[in-house]
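Down below is the structure, laid out as structure tokens.
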Amino acid sequence: MDFGQFRSDRQESARNMMYQNSGYQFERREKKTLVLDIVDTASVAPLSTTTEFTVDLFEPLTVDKLSDVYIDSVSTFNSLLCDTSNRTAFSLKINEFNVNSNVASTSSGQQIFNKIIIPNENNDVGDVHSVVIHKGKKMNYVCSINPGKISKLTGKITDLGTGSMFSTSTSSADGGRLHYVKLATAATQNVDIGTALSFAGGTSGTGNFVTAFYINEGSTDLYFYSAGSTVDTPGSLGAITSTGGLSGINTDTSYYRIGDFPRFTAEFIIEARQ
1 MDFGQFRSDR
11 QESARNMMYQ
21 NSGYQFERRE
31 KKTLVLDIVD
41 TASVAPLSTT
51 TEFTVDLFEP
61 LTVDKLSDVY
71 IDSVSTFNSL
81 LCDTSNRTAF
91 SLKINEFNVN
101 SNVASTSSGQ
111 QIFNKIIIPN
121 ENNDVGDVHS
131 VVIHKGKKMN
141 YVCSINPGKI
151 SKLTGKITDL
161 GTGSMFSTST
171 SSADGGRLHY
181 VKLATAATQN
191 VDIGTALSFA
201 GGTSGTGNFV
211 TAFYINEGST
221 DLYFYSAGST
231 VDTPGSLGAI
241 TSTGGLSGIN
251 TDTSYYRIGD
261 FPRFTAEFII
271 EARQ
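Here it is as structure tokens:
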């Protein structure tokens, strides 16, 4: 008998027993699923404004023994494209998870230290107003949690530079909803992401709007976010003002559309240690 290995196994077993909770059981199941679902609203928009979210669990989650947490799937609705280096991944912080991930970065160390990093696989503007599945983190280890009861989840979702992954504006007046309108004539030059613009009519508010995606010269598609103003009467938007490349171009409002609120959904697996 290998007495050294036997002693090591007994010590590991004893450590695991220290973290067991005699008052709760996993109901004979070794795994539990926890779904985090964040949706912006007109009044509370943690995704588009990068503020902290607070979500109450439908019923408290009881963990009866030392367990490991894995992230199984992530889906988003109307997140930003992976079109800048900071948007190559989501940075997710969950305060109730003791994530202990070190980092060596030349630019984003402080922002991604002890965070859950999820690759951004939204690469096609054609996927707007539809779900995008981010598969890069399938069943990846996140952290370990001790026995106890979790009744809510709090935290924050950003890009790698603490910016929003769901809007190019942090001062949205409509919950970060993505707008689309067709241009009556093509853009006369390239227009960068986050460029401010306004319309001749049909809006209200003290701010303006910003472009959601890069616009190539010759394009007739305009996606934009609120930056303090709201679209009240889409049929009265009229011509675009206050931006180069689009200024003076009329909008074809028969193609106007406003999307649903941004959404982030992550599924975690909590597996009890044997």
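Once you know that position 202 of the sequence shown is 202 in UniProt numbering, the rest is easy, because the numbers rise by one and skip nothing.
Here a beta-carbon is modelled for each residue, glycine too, at the ideal position from N, C-alpha and C.
DSSP-derived helix/strand/coil call for residue i
| i | result |
| --- | --- |
| Ser226 | strand |
| Thr188 | coil |
| Ser101 | coil |
| Asp127 | helix |
| Val262 | The sequence shown places Pro at residue 262, not Val. In the structure shown, Pro262 sits in coil (DSSP, three-state: anything other than H, G, I, E or B). |
| residue 275 | The requested residue 275 is not part of the displayed model; the chain covers only 1 to 274. |
| Gly235 | helix |
| Ser171 | coil |
| Thr253 | strand |
| Ser91 | strand |
| Ile269 | strand |
| Ser43 | coil |
| Ile112 | helix |
| Ser107 | coil |
Host beta strand (DSSP E) of residue i (start-end)
| i | result |
| --- | --- |
| Leu246 | It is not in any beta strand (DSSP E) - Leu246 carries neither H nor E in the DSSP assignment. |
| Ser144 | 140 to 145 |
| Ser219 | Ser219 -> no beta strand (DSSP E), and no H or E assigned at all. |
| Leu36 | 31 to 39 |
| Phe166 | First-last for Phe166: undefined, no H or E at that position. |
| Lys182 | 179 to 183 |
| Gly205 | 203 to 211 |
| Lys152 | 148 to 158 |
| Asp72 | 67 to 77 |
| Glu96 | From DSSP, Glu96 is part of no beta strand (DSSP E); its letter is neither H nor E. |
| Glu52 | Premise fails: Glu52 is in no beta strand (DSSP E) and is neither H nor E. |
| Leu197 | 196 to 199 |
Exposed unless 16 or more other CB atoms sit within 10 angstroms - verdict on residue i
| i | result |
| --- | --- |
| Gln165 | It should be noted that the sequence gives Met, not Gln, for residue 165. Answer is buried; the Cβ neighbour count reaches 16. |
| Asn250 | exposed |
| Arg232 | Note that residue 232 corresponds to Asp in the displayed sequence, not to Arg. Label assigned to Asp232: exposed. |
| Thr154 | exposed |
| Ala212 | buried |
| Gly245 | buried |
| Thr33 | exposed |
| Gly248 | exposed |
| Pro46 | buried |
| Thr195 | buried |
| Ile270 | buried |
| Tyr225 | buried |
Where the alpha helix (DSSP H) containing residue i begins and where it ends
| i | result |
| --- | --- |
| Pro46 | 46 to 49 |
Could you check whether the stretch 117 to 125 touches the stretch 171 to 187, counting it as contact only if at least three pairs of C-beta atoms, one from each stretch, sit closer than 8 Å? no
Is the stretch 249 to 267 close to the stretch 74 to 87, with three or more CB pairs under 8 Å? yes
Looking at C-beta atoms only, is the number of pairs between the stretch 57 to 65 and the stretch 38 to 46 that lie closer than 8 Å three or more? no
Quick one: any contact between the stretch 202 to 210 and the stretch 104 to 113, if contact means 3 or more CB pairs under 8 Å? no
At a cut of 8 Å, does the stretch 43 to 57 reach the stretch 181 to 196 through at least three beta carbon pairs? no
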